[in-house]
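**Q** Please see the structure below; I have some questions.
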Amino acid sequence: MTQTTTTTTTSTTAPASVAQGARSAQPSHSLGPLGLFTVLLGTALPLIDFFIVNVALPTMGRDLSAGESVLELVVAGYGLAYAVLLVLGGRLGDLFGRRRLFLGGMAAFGLTSLACGLAPDAWSLVAARVAQGASAAAMVPQVLATIQSATAGARRARAMSLYGATAGLSMVAGQILGGVLVAADIAGSGWRSVFLVNVPFVIVGLLLAVRSVPETRSQRPEPVDGPGTVLLAAALLALLAPLTEGRAAGWPLWTWLSLAAFPLLTGAFYAVERRADRRGRTPLVPPSLLALTTLRRGLTIMGPLAVGFSGFMFVIAVALQGGAGLGPVQAGLALAPMALMFFVTSLAGPRLVTRFGSRVVTAGAVLQGVGVVLIVLAVRADWPDVGFVGLLPGTAVAGAGQALQLPVVMRIVLSEVPPARAGVGSGVMVTTQQASLALGVATLGTLFLSLVPGSGMRDALLTTLVVQLAGVVLTGLLSLRLPRNVG
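By UniProt numbering, the letter at position 253 of the sequence shown is numbered 253, and the numbering carries on one by one without gaps.
Here is the structure:
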């Protein structure tokens, strides 16, 4: 297959020239329907794997004789490695070729999924999950970067809408699929099937990618920013590690020292990046890129949106199994209306955006808020007998609301990022999303689990849902600052 390189000349110092480059760039090698399907498969697998373990954790704990803190590492180790290395993965794609990194990351994701499924003990599983997260960080940034570099105009808008729909649907479907696989106990594999199921999909994805995904890279490859990479990794670890492990460990001194170091490390990272940018070097996250209004405001919405979503998915899985007495299949299928409505609403999303612009995000926040209120009312009225029927109105409305937010926000974030910086831009966006997903499990999950001993499962769930509702209100208010027209 002949590989071609996408070329675009842009300024790294002036936001205006960055936006101009984004408008004028044209892909030299198009991403066809089969190639789009393939890269979207690469998007779906890592997101499914973030959520697929939620309903499988009790079974893992019994089978591997693992305590609560180790099981949290099964979730947190994946999320931490994924979030910390995403921007670096985007930069490496710009440097060495996005198709090459996509293929390598997907192959590694398949191998590490196999290692997770065959893990003989809990700590082997934790190590394999960390490696799996690193593999995802190499693969996922190449998806958006390839879409940005190998599509244009209406085709790019459609591809971005499909990306957002795939991401949102994968996050819900992962939890449903996890419950079904654990209960099915295929060939006696139990929880191991939630990882082993990735392997055949990876094999198919690799075969398709070799034939259908074009090679793109930056015209002027930029070297890896060593100091920026180290400081960004340290800042994310300083925030996420204590939040994910603090409660289970009893909040020892290291957790507080780590949280105190987070703002210092973040400040040092920004100072190093700004100095490099001013000297004409190539920082990991160019402040000139962050100066783009669409990217900056879109990221401020992406944060609370992802925090609330992941926190809800984790808490509802624990509450329905531990408090309402549902099995893994019933707990997963209780969210099926959310997945279905997300999919259906996502299909109408592009037409709504064409007509109403970014106000679709505001409408989505209102719908999601109504859905959360309906879930609160169902839990108050029917606990502990709440199930599929009781939760159906709330989960369906919330799913429709989420579908009107996530795909549109993703389009807005990347609307002015030039193709030559597509790897960096997509890395920044997906890092924000992934770090926020991990933060949601850490914060809302910790709040819920801390309240259970004193308040009981029902009241702990209600309190957590009210906190999530506050986040939805914040998202709606922030959406009013988005540019009306969506590129």
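Just so you know, even glycine gets a beta-carbon here, dropped at the ideal spot from N, CA and C. Computed from a predicted structure; not experimentally measured.
#1: Can you tell me whether T354 is buried or exposed? The criterion is at least 16 other CB atoms within 10 Å of its CB, across all chains shown.
#2: Relative to the C-alpha of F314, which candidate in A271, L461, V70, L240 has its C-alpha closest?
#3: Report yes if the C-beta distance between M429 and L451 is below 9 angstroms; otherwise report no.
#4: In angstroms with no decimal places, state the Cα-to-Cα distance between V373 and V379.
#5: Smallest Cα separation from Y154: which of T446, R411, L474?
#6: Using the three-state DSSP reduction, which class does S149 fall into: helix, strand or coil?
#7: Around the Cβ of V466, are there at least 16 other Cβ atoms within 10 angstroms (buried) or fewer (exposed)?
#8: Write down the C-beta distance between A173 and I316 rounded to the nearest angstrom, noting that I regard them as a contact closer than 8 angstroms.
#9: Count the other CB atoms within 10 Å of the CB of F96; is the residue buried (16 or more) or exposed (fewer)?
#10: Taking the alpha-carbon positions, what's the G394 to G371 distance?
#11: Mapping the DSSP letters down to three states, classify E416 as helix, strand or coil.
#12: Does the separation of the CB atoms of L125 and M60 fall below 9 angstroms?
#13: Report all residues from its chain with a CB closer than 6 angstroms to the CB of L196; omit the five preceding and five following residues, and keep chain order.
#14: Quick check on the burial criterion: 16 or more other C-beta atoms within 10 angstroms. Buried or exposed for V224?
#15: Taking L103 as the reference, which of G35, Y82, L482, N54 has the closest Cα?
#16: Within its chain, find whatever has a CB closer than 8 angstroms to the CB of residue 534; leave out the 5 residues flanking it on each side and keep chain order.
#17: Using a Cβ-Cβ cut-off of 6 angstroms (strictly less than) and excluding sequence neighbours within five positions of A164, which residues of its own chain qualify?
#18: Can you tell which of R297, L284, W383 has its C-alpha closest to the C-alpha of L92?
#19: Classify P200: buried if its beta carbon has 16 or more other beta carbons within 10 angstroms, exposed otherwise.
#20: Mind checking which residues open and close the alpha helix (DSSP H) that includes V315?
#21: Output the residue ranges of the alpha helix (DSSP H) runs that lie fully inside the segment 338-412 and measure 4 residues or longer, sorted by chain position.
#22: Report the three-state DSSP secondary structure of N54 (helix, strand or coil).
#23: What number of angstroms, rounded off, separates the C-alpha of L474 from the C-alpha of T432?
#24: Short of 7 angstroms in beta carbon distance, which residues of its chain neighbour G205, apart from the five on each side in sequence? Order them along the chain.
#25: Tell me whether L144, by its Cβ, gets closer than 8 angstroms to a heavy atom of the ligand HEM.
#26: When the distance is taken between beta carbons, is T216 closer than 9 angstroms to T146?
#27: How many angstroms separate the CA atom of L439 from the CA atom of G387?
#28: What are the uninterrupted segments assigned as beta strand (DSSP E) that are 3 or more residues long and contained completely in the segment 213-272, given in chain order?
#29: Please classify R247 as buried or exposed, where buried requires at least 16 other C-beta atoms within 10 Å of its C-beta.
#30: Quick one: give me the first and last residue of the alpha helix (DSSP H) that V130 is part of.
#31: DSSP on N198, reduced to helix/strand/coil?
#32: If contacts are defined as beta-carbon pairs under 8 angstroms, then G325 and P384 qualify, I think. What distance do you get, rounded to the angstrom?
#33: Compute the beta-carbon to beta-carbon distance between L437 and F50, rounded to the nearest angstrom, for a pair I have assumed lies under 8 angstroms.
#34: Go through its chain and collect everything with a Cβ distance to A339's Cβ below 7 angstroms, but skip five positions before and after it.
#35: Are G425 and G178 close, meaning C-beta to C-beta below 9 angstroms?
#36: Cutting at 7 angstroms between CB atoms, please list the residues of its own chain near V472, excluding the five before and the five after it.
**A** Let's see:
#1: exposed
#2: L461
#3: no
#4: 10 angstroms
#5: Sequence inspection shows Ala at residue 154; the Tyr mentioned does not correspond to that position. The residue with the shortest Cα to Cα distance from A154 is R411.
#6: helix
#7: exposed
#8: With 8 angstroms as the limit, A173 and I316 do not qualify as a contact, their Cβ atoms being about 15 angstroms apart.
#9: exposed
#10: 4 angstroms
#11: coil
#12: yes
#13: G117
#14: exposed
#15: G35
#16: Within the shown structure, residues of the chain are numbered from 1 to 487, placing residue 534 beyond reach of any answer.
#17: Residue identity differs from the one stated: residue 164 is Gly in this sequence, not Ala. Taken in chain order, the residues that qualify are L406, P407, M410.
#18: L284
#19: exposed
#20: 293-322
#21: 359-382, 388-403
#22: helix
#23: 17 angstroms
#24: T38, L41, G42, M106
#25: The ligand HEM is not part of this structure, which contains no ligands at all.
#26: yes
#27: 27 angstroms
#28: none
#29: buried
#30: 122-139
#31: helix
#32: 7 angstroms
#33: 6 angstroms
#34: L169, V172, A173, I176, G399
#35: no
#36: G308, A365, Q368, G369, V372
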